[in-house]
Every structure is written in C-alpha cells, then in structure tokens.
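Per this note's numbering: the sequence shown = residues 105 to 605.
Reading through the structure tokens given below for one structure.
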Amino acid sequence: MEPIALKSLSPGMPIVVGGDRVLHVDDDLASAFAPGDSLVVVADPPALLHVPAGERERATAAVDRGVEAFAQLGAVSDQAITAFYVGFADRLADDEVFAPIAAANAADVEEATARGRSTTRLVLSDRMRADMVAGLRSWATMASGRGQVVDTIDHDGWDVDLVRDGLGVVAFVFEGRPNVFADATGVLRSGNAVVFRIGSDALGTARALVEGALAPALAAAGLPPGAVTLLDSASHAAAWAMFSDPRLGLAVARGSGAAVAQLGAIARAAGNPVSLHGTGGAWIVATTAADPDRLEDVVASSLDRKVCNTLNTMVVTADEAPMMISRVLAGLERAAADRGAAPKLHVRDGDQHHVPAHWFGDRVTIRRADGDHVEPRAETISGSELGREWEWEDSPEITLAVADTMTQAVEWFNTQSPRFVASLVSEDTAEHEQFFATVDAPFVGDGFTRWVDGQYALDKPELGLSNWQGGRLFGRPGILSGDSVHTLRMRVHQSDPTIAR
C-alpha cells in the first residue's frame, strides 16, 4: 500500500494513537497545518505535534550535515580531533575571542529575566567558562577508544576481534545552559558527529559560541564542518523533527521532565535509541545512627545551587526525629545564608508537629525566577507528592518527611522519586549495605548529593545524567560521557585459507 502525502487537516479528524486510541484534530491545528508540514503522533502521553515544513527542512539539513561528517570522520586522525579540542579551549580562554560570547550571553540573560525565566543555569559565569575550558582540555588528553580491541576469540586457523568504533550521529536537545554546549562535543572523541538544539533562552549565546570559537576550531583542525552542527531554531518543532529522523545513532534529551519524556517518545517511535535526562532531585535519608554534625554538613553542602543533583527530599526516621530535624533545618538555613536568601520548607502532611511551629507562622521573602514572593517559611505537602521537584532560584527549597523506618523511607523513594540520587546518612555499616541493596537508584552515596557529575566524579565531561524513572539502563551507568557513545564491530583474521564450514 503506497502512502499518501498529508496535505491538510480538518477539525475533528480522527488520528489513531498507539494503535488503540484516537485523538481528534482541533481547530487551531487544522488551521495552522499547510501542505509540506508534518504531524508527529506521540503515544504516551498522547499528543499531535505540528511540524511546519521550514522546521522539518532545517532539522533534516542539520542531520544531513552530521551524516556526511560521520562518513568522513573514520578517516580523521585522533590527532586532528585532539587539535580541535585544544583549539576550542584556547579560543574560549582568549578574552578577546570570548568578549562577543559574553555579550551575547548577557543579552540572553537580560531577555530571559524580562520574561520571568530562570537564569541560574543560563549565566555563563567565570566558573562555567573555566569548567568548559577544563572539560575540553580533558578530552584533548583522553584516549579515543576508536579501534580498540576489547576482546579476541581465538579459533584454530582464525580469530575474531571485537573493535570499538563510533556510533553515528548523536542528536542533543538540551536546556538553555551554555556549558553543555562544550560537553556535547565530547562524542567526537569516540568518532561520532553531533547535531544539537539548545533552549531558546541560550540561542544567542550558542550562535556566538559557534561563530567565535567552535567553527574556527573545526576548520583549523581540518575536521568536516558538519562534525558539530547547531540546529539554529528557537522552535520546539525543530527538535521534534530532528528526533523523528531515523538516521540518528542516539538521541539525547535534557531539560524538564515532561518535555524530555515527549522527546524520548518521539525518538523511540522513529526507532532511535535514547538517553533521557529529565526529572531530577536528590533524596537524603537519615536514621537514628546518623552523626548530627555530619547530617547538618551534608544538607548544607547539597544545597549550594539548584541543579538536578541538588537535595530535594529529606527523610528522617521517627526515633530522634526532633534532634535530626533541628540539624536538617540548620543545614538548610546555612545554605540559604550563603546565598543571602531565606529557605523554603515543605513538610509532609502529618509531620508538622516535628517542626518548630514558628516555621509555619513566619513569612519570608522567597526569591523565584519571576521575582520576590512573600510566603510562609514552611507549608504542608501531601504525602503523595514527596517526589515533586522544586525548581528554586535563590531560596533553597526542600521537602521534609518523617518515616517510621529506613525501609519505609526506601519504599517512598522507590515509588515516588525519579529514582535518581539517594544518600544515606548513618554510622551503621549494616544499614548502608541494606540501603544499597534495596534502594532503586543509579547513584547512591553516604554524604552530599552534589557529587553526581561526570566531570566532578569521573574527570570526564558529561553529556547528561540519567535517572531510572523509565527503568534501569542497559549496559552502562547513569552518566553518559563522550567515550561511552560507541558501537562494537567484529573483525576476522583468517590464517588458514582452507577453513570451511
């Protein structure tokens, strides 16, 4: 049966979703759809996504460039790729080169602030710039792994090598955070090409980075220009189109949970493998065996800024709860004082009596992305919302709950959290063994949660962190890095030409 091109949509038109459900085209979608446009159908959660022809063409052209570059990268030496990283890092470190990039970022921040958008991850600070340079230099010194023989099977008269090689075109969609721009280029180290779309908040910064540093570094190193391609579009439709291109070797999405889940569904429907980095928020559990000083320090150190591995939910066990909570609150207040702000506490409904009453009566100024808000210092939250992630700006914000036992705390984590980062504060070795065996998380610790970072923990720039919300990952840890994006090829050496089956 030959397919027929979709040229128009009519209001009320039924569209089958997932093979057993139907969505109906609404008036807005029908009127906006034009010949040449595409309709992306998402099964879970069900959605009809309109991709204008121009966005489809931009995405296709970007992937075309990546496919062409990947075909050439096999003949590009590791030394040339090293030269690219060195050149990129040198340009970012050069104040004259960096000045237009900084100006573009300042404009992005100003515009995002005016729209009430969060800027905590958007500002290209001196620290972020230094981390980008350090990350690129670390890739420059790292072995590529391309051509590495990871195993050999010997037979009489012949043998089989398993050889590492590049996976293909890696597509990224990530939030408006400039540092992941440099991290994404890590896939070149293992022989891959990369195509990416950055959040609209940081698009001006991305354009300046490409023009001032990335493109010149590619050219100087002799790499194909499509080895790193920015999908230059502020439209979400461009990302939908890119992830629905079946030529991708891997689709990587970072950002908010709902948007990431939708992108993952689009990529899977096209047959593309995915690596998703969406909902975050770390959990800390403290038992009666916790050292109070350690607990306070761990809380404070886990709240220095809001990122995915920041403490989000704190659970203490009922025995000694008042003492432990006093130290949790002290750590929370320390973190807030370091940021010159007031903290925000959400207490599981029913546990209010464990928290000093004045926390619920005090009204404080909470700094949010859209400005200052006068709110109660503490409020109650339903026991079914312990996994809700708090996206705070300057005022550290956490949920506090009291569990009967560590076992109950682990059950809450396994059923309500995104199954991401779990830490146990306890001086009891047996408790730590039980915790590791029963908590369903890729990242488990005994102290602060902010260690979960590829560059910080593994000395490798990360492409993203994966939670286990959609299940455990096959054959790799939760940190995706450039050298973990590869395939295995088989190569046979036959020493006896007379062998036959």
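Think of the CB as a built atom: it goes at the ideal place given N, C-alpha and C, for glycine as much as any other residue.
A quick note: this is a predicted structure, and the numbers were derived from the prediction, not measured.
Query raised in the report: How is the beta strand (DSSP E) around residue 268 delimited, first residue to last?
Result: On the sequence shown, residue 268 is found 164 positions in, with the first residue counted as 1. From DSSP, the beta strand (DSSP E) with residue 268 extends over 262–270.
**Report entry** Assigned exposure category for residue 379 - 16 Cβ within 10 Å defines buried
**Finding:** Position 275 of the sequence shown holds residue 379. Its Cβ being crowded by 16 or more others within 10 Å, residue 379 is buried.
Query raised in the report: Touching or not, the region 417–431 and the region 390–399, by the rule of three or more beta carbon pairs under 8 angstroms?
Result: yes
Query raised in the report: Anyone know if the C-beta pair for residue 410 and residue 483 falls short of 8 angstroms?
Result: Reading the sequence shown from its first residue, position 306 is the one you call residue 410. Reading the sequence shown from its first residue, position 379 is the one you call residue 483. No, Cβ-Cβ distance for residue 410 and residue 483 is not below 8 angstroms.
**Report entry** Other residues of its chain near residue 222: CB distance less than 8 angstroms, five sequence neighbours each side excluded
**Finding:** Taking the sequence shown and counting its residues from 1, the one referred to as residue 222 is at position 118. Taken in chain order, the residues that qualify are 216, 473, 495, 497.
Query raised in the report: In its own chain, which residues sit with a C-beta less than 6 angstroms from the C-beta of residue 571, not counting the 5 before and 5 after it?
Result: Walking along the sequence shown from the start, residue 571 turns up at place 467. Hits under 6 angstroms: 522, 523, 524.
Requested in this report: May I have the straight-line CA-CA distance separating residue 143 from residue 509, to the nearest angstrom?
Outcome: What you label residue 143 is simply residue 39 of the sequence shown in a count that begins at 1. What you label residue 509 is simply residue 405 of the sequence shown in a count that begins at 1. Each residue's alpha carbon lies about 50 angstroms from the other.
**Report entry** Uninterrupted alpha helix (DSSP H) stretches inside the region 426–510 (no shorter than 4 residues)
**Finding:** For the region 426–510, whole alpha helix (DSSP H) runs of length 4 or above, ordered along the chain, are 462–465.
Query raised in the report: Rounded to a whole number of angstroms, what is the C-alpha to C-alpha distance between residue 183 and residue 158?
Result: Counted from its first residue, the sequence shown places residue 183 at position 79. Counted from its first residue, the sequence shown places residue 158 at position 54. Between residue 183 and residue 158, the C-alpha separation is close to 38 angstroms.
Requested in this report: Assign residue 170 to one of two classes, buried (16 or more other C-beta atoms within 10 Å of its C-beta) or exposed (fewer than that).
Outcome: Within the sequence shown, the letter at position 66 stands for residue 170. Taking all protein chains shown into account, residue 170 has 16 or more neighbouring C-beta atoms within 10 Å of its C-beta and is therefore buried.
Query raised in the report: Do residue 435 and residue 400 have their CB atoms nearer than 8 angstroms?
Result: For the purposes of this step, residue 435 is taken as residue 331 along the sequence shown, with counting starting at 1. For the purposes of this step, residue 400 is taken as residue 296 along the sequence shown, with counting starting at 1. Yes.
Query - Where residue 394 sits in the DSSP three-state scheme - result: Residue mapping note: residue 394 aligns to position 290 of the sequence shown, counting from 1. In the structure shown, residue 394 sits in coil (DSSP, three-state: anything other than H, G, I, E or B).
Query raised in the report: Do the region 233–244 and the region 194–202 meet, that is, are 3 or more Cβ pairs less than 8 angstroms apart?
Result: yes
Query - For residue 594, three-class secondary structure by DSSP - result: As a first step, residue 594 must be located in the sequence shown, where it is residue number 490. It is a strand residue.
Requested in this report: Whole angstroms is fine: what's the gap from residue 584's alpha carbon to residue 567's?
Outcome: Against the sequence shown, residue 584 aligns to sequence position 480. Against the sequence shown, residue 567 aligns to sequence position 463. Roughly 5 angstroms between the two C-alpha positions.
Query raised in the report: In the DSSP assignment, what residue or residues form a beta bridge with residue 315?
Result: Along the sequence shown, read from residue 1 onward, the residue named residue 315 stands at position 211. In DSSP, residue 315 forms no bridge with anything.
Query raised in the report: Beta carbon of residue 383, beta carbon of residue 166: below 8 angstroms?
Result: Residue mapping note: residue 383 aligns to position 279 of the sequence shown, counting from 1. Residue mapping note: residue 166 aligns to position 62 of the sequence shown, counting from 1. Residue 383 places its beta carbon 8 angstroms or farther from that of residue 166.
Query raised in the report: For residue 320, does the three-state DSSP call read helix, strand or coil?
Result: Here the question's residue 320 lines up with position 216 in the sequence shown. Helix.
**Report entry** Residues near residue 308 by beta carbon distance below 7 angstroms, same chain, minus five either side
**Finding:** The count along the sequence shown starts at 1 and reaches residue 308 at position 204. Result list for residue 308: 208, 211, 212, in chain order.
Query - Alpha carbon of residue 573 to alpha carbon of residue 356, nearest angstrom - result: As a first step, residue 573 is located in the sequence shown; it is residue number 469 there, counting from the start. As a first step, residue 356 is located in the sequence shown; it is residue number 252 there, counting from the start. Roughly 16 angstroms separates the two Cα atoms.
Query - Rounded separation between residue 348 and residue 532 - CA only - result: Within the sequence shown, numbered from 1, the residue matching residue 348 stands at position 244. Within the sequence shown, numbered from 1, the residue matching residue 532 stands at position 428. One C-alpha to the other measures close to 49 angstroms.
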